[in-house]
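One line per chain: the protein sequences are P and Z, in this order.
In this text, residue positions in the first sequence follow my numbering: the first is 952, and each later residue adds one.
In this text, residue positions in the second sequence follow my numbering: the first is 2, and each later residue adds one.
To start, the structure itself, in C-alpha cells.
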Amino acid sequence: MEKAVNNKAITCKNLSKQFGDFKAVDQITLDVNQGEIFGFLGANGAGKTTAMRILCGLSYPTSGEATVAGFNVYNQQEKIKANIGYMSQKFSLYETLTVMENIEFYGGVYGLSRSEIKVRSERMVGTLGLTNEKKKLVGELPLGWKQKLAFSVAIFHRPKIVFLDEPTGGVDPVTRRQFWDLIYEAAADGITVFVTTHYMDEAEYCNRISVMVDGRMEALDTPANLQKEFNTNSMDGVFLQLARRAKRS
Amino acid sequence: MKQLLAFIRKEFYHVFRDKRTLLILFGLPVVQIALFGFALSSEVKNIGIAVFDHAHDVTSQQIIQRVRTSSYFEVKDPVINYDEIEERFKEGSIKCALIFPPNFAEDLGRSGRAQVQIITDASDPNTATIVVNYLGAILASYQHQLNPTIQIPYQIIPQVRQLYNEEQNGSLNFIPGVIALIFMIVSTALTSVSVVREKETGTMEILLVSPFKPIMVLVAKTVPYLVLSIINLIIILLLSVFLLGVEIRGSLILLFAESILFIITCLSLGLLISNNTNSQKTAMLISMMGMMLPTLLLTGFMFPLENMPWIFQAVSHILPSRYYYIIIKAVMLKGLGFSYVWKETLILAGMAVFLLTVALKKFKTTL
C-alpha cells in the first residue's frame, strides 16, 4: 500500500468543478484532520453534493488538488473507495434482506473474509441491541433503527473516513441524538466523519464546520468561533447571514 | 471474486423473496405453454351452420347428412327464409349457411350440373376460408361417391407430405416463438427492473462508492438471470416434449448454445433500458410494450412476416427474436446443424456485442 502523503484525512486546494459555464464547486480549500467530525453545510444547490462526489471518487474535479486518506482524487479513486465509507440521505440497505444478510453483503463487497464478517457482525448487532432482530427483514425495522444500522454498516469495514450525506433526514430528535452518539463513538475510534446536514443543532455537534454558498467556501471554523465572528448566538444566525449572500437559488 | 459471489447471492435473495418476480419467472412459461398448446388452436371445430333446403330431395339430404356427421360442423335448426339467415349471422349463432335451390337433384340428374350456395361470416376471414374449404371437400367426396367408376381422362393427383411436422401438430410452430418471448420477458424486463430498483432505493450510490467495480455490478446483475433463464429453457423444453409431444430433432448442445447467445442479447437490452430509466415502472413499461409486443407480433410465429407491409418487415429485421426464432426452429424442428444457421447466429452475436458495448458505455457515464 502506498504511504499517505500527509496525516490529514482530507485536503482540498482550490478544488473546482465546472459544468459548462456553471461553477458547481468554485475554488474550495479545506483540510480535515484525522478523527475530526467535520460538518459540511450549505443550502440546497450550493455545491455540497458535487464536492462530496469528487471526494468519494465518483467524479473528477475540473481543476485544483484534493486528497482523501492521502490518495489523489485524480488517479487513485480505487484506493480512495477502499478507504472510505458512505451513507446517503436515502435509506440505503436492502429492505428485503435480513439484518445479517445486509451486513454480509456489504462486508463481502468490501472484500472482508467470512470469518471476519461473522465476528464483527455479532459484535455489531450486540452493540446496536439488534441481536433478537438479526434474522428479521430490514424493511420491518423502524426508521430510526434502520438509520443506525445503515451507519454501522457504512463503517463496518473500518474505513479511515466516513461520508454522511444528510444521514438524519426524517428521523425524530431522540433517534437523532442516539445517531450522533454513534458518530462520536466512531470518531473516538479514529474514524474521520465528514457530514452534511440541514439541522443547525447538529452543526453544533461538529468539531469544525464549513459553509458553502454558490459553490464557494464562505466560512470554515469551529461553531463557537463562527458564532463570535458573525456576532450571533446560534448556528442558525450564522447560516442565515451566509445564505443571504447567495445569488443563485 | 469473493465480492462477486456475495453480490450474486444477494441477487438470488431478491429473486426468491419477491413473489411477483417468481411468478413471472416460473408461472409465465407454464401458462404460456398451456395457453398456446391447448387454448389457442388454429384448427376450427364445431362451426355453427344453418341449412336452407329448398330442394328437400334425396341428394340434398345426403349432403346435409355428411355435413352433420363431420366433427367440424354443428348443424343448427333449419331456416325458412333469407332474413333469418342474416339474423343468425348477426347474433353469431352460425358462421356459415348452406343453401340448396329447388330441384337440386333433378338438375344434377338431368344436366349433370347443380349449384349450391355457401354463405360465410367473413368478419373472421381465416375461419371463413377454412369453412369454405371444409364444405368444398365434403361436396367433392360426395361427388366422387356418385360416380365412383368414371375416370377423368387426364388427372393430376397431388401427393402431399407435410415435412417436419407430418401430424400437423400446431404446437411445433409456436414453441420456438414462446421460448423467444419468455426470454425477452424474463431476461430483458427483470434485469432492467432489478438494476433500476437499486437506483430507486439509493443502494446504487453505495455500490458505486464501494471499491466494487461498476462493471462487476452489471455482471452480478446479469448472472442470476442468465442462470434462471437457462432453467426456464429446460422447463419449457420438458413441457414441450412431455406435454405437447414435440420432438427435438437437432443437437441439444447447439440449441442451448444459441439460446445462451439470445439470452445474453436480451440481458444486454435489459441493461441498456435500465441505464436510461430511473423508475421501475418505466423500465417495466418500456421492456413490456417496447420489446414484448414487437416480439409477439413481428417475430413470425403468430403471423407470417411475408404477408406484412414492407415497413413492418423492415422493423422485424432489427428484432433479435426474429433471428433466434429462425435458428431455434431450424435446430429444434428440422434438426439442422450449425452450418445452416451461422448467418443468423452471426447477426445475433453482432447485436449482442453492440448492445452490450452501448450498455457498458452508458453505465460509465452515469457515474
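A virtual CB, placed ideally from N, CA and C, is assigned to each residue, including glycine.
Bear in mind that the values here come from a model prediction, so they are computed numbers and not experimental data.
Check	Outcome
Nearest neighbour of residue 1197 of chain P, chosen from P/970, P/963, P/971 and P/975 [CA to CA]	P/975
Amino acids of chain P, ordered along the chain, whose beta-carbon sits closer than 8 Å to that of residue 8 of chain Z	1056, 1059 and 1060
is_contact[residue 1009 of chain P, chain Z] using C-beta, thresh 8 Å	yes
Sub-8 Å separation of residue 303 of chain Z and residue 137 of chain Z beta-carbons	no
C-alpha gap between residue 156 of chain Z and residue 324 of chain Z, whole angstroms	42 Å
Residue 281 of chain Z to residue 202 of chain Z span [Cα, whole Å]	10 Å
Test: residue 281 of chain Z CB closer than 8 Å to a CB of chain P	no
Chain Z residues whose Cβ lies nearer than 8 Å to that of residue 1047 of chain P	14, 15, 18 and 19
Cutoff 6 Å; reference residue 953 of chain P; Cβ partners in own chain excluding five residues on either side	Annotation note: pLDDT 43 at residue 953 of chain P (below 50); position unreliable, coordinate value reported separately. Nothing listed; no residue qualifies.
Close Cβ partners of residue 1022 of chain P (< 6 Å) along its chain, the five nearest in sequence each way excluded	1030 and 1031
Residue 1033 of chain P at chain Z interface by Cβ criterion, 8 Å	yes
Burial state of residue 1039 of chain P, where buried means 16 or more other Cβ atoms lie within 10 Å	buried
Residue 984 of chain P - partner residues in DSSP beta bridges	P/959
Among Z/24, Z/278, Z/131 and Z/308, the one whose alpha carbon lies nearest that of residue 200 of chain Z	Z/278
Whether residue 1161 of chain P touches residue 1175 of chain P by CB criterion (8 Å)	no
Opposing strand residues paired with residue 1078 of chain P [DSSP bridges]	Its beta-bridge partners do not exist; DSSP assigns none.
Three-pair Cβ contact test at 8 Å for the region 1004-1013 of chain P versus the region 1176-1188 of chain P	no
Residue 297 of chain Z vs residue 191 of chain Z beta-carbon contact at 8 Å	no
The region 212-223 of chain Z: positions lying closer than 9 Å to chain P by Cβ	212, 213 and 214
Nearest residue (CA-CA) to residue 68 of chain Z, options Z/22, Z/132 and Z/84	Z/132
Helix, strand or coil at residue 302 of chain Z according to DSSP, with G and I counted as helix	coil
Cutoff 7 Å; reference residue 128 of chain Z; Cβ partners in own chain excluding five residues on either side	45 and 96
Outcome for residue 287 of chain Z when other beta-carbon atoms lying within 10 angstroms are tallied against a minimum of 16	buried
Test item: CB-CB of residue 1089 of chain P and residue 1045 of chain P under 8 Å	yes
Whole-angstrom C-beta distance between residue 187 of chain Z and residue 25 of chain Z, which should lie under 8 Å	7 Å
Cβ pair count under 8 Å reaching 3, the region 1124-1144 of chain P against the region 1049-1066 of chain P	no
Residue-level contact to chain Z via CB, residue 1117 of chain P, 8 Å cutoff	no
Nearest to residue 356 of chain Z (by Cα), restricted to the options Z/293, Z/265 and Z/164	Z/265
Limits of the unbroken beta strand (DSSP E) element including residue 1152 of chain P	Not the beta strand (DSSP E): residue 1152 of chain P falls in the alpha helix (DSSP H), residues 1151-1154.
Where residue 1167 of chain P falls: helix, strand or coil (DSSP)	strand
Three-state secondary structure (DSSP) of residue 317 of chain Z	helix
Other residues of its chain near residue 1149 of chain P: CB distance less than 7 Å, five sequence neighbours each side excluded	1117
Inter-stretch contact at 8 Å, needing at least 3 Cβ pairs: the region 248-262 of chain Z / the region 327-346 of chain Z	yes
For residue 38 of chain Z and residue 175 of chain Z, the rounded distance between their alpha carbons	8 Å
Residues sharing a beta bridge with residue 992 of chain P, DSSP	P/1162
Cβ neighbour criterion (16 or more within 10 Å) applied to residue 30 of chain Z	buried
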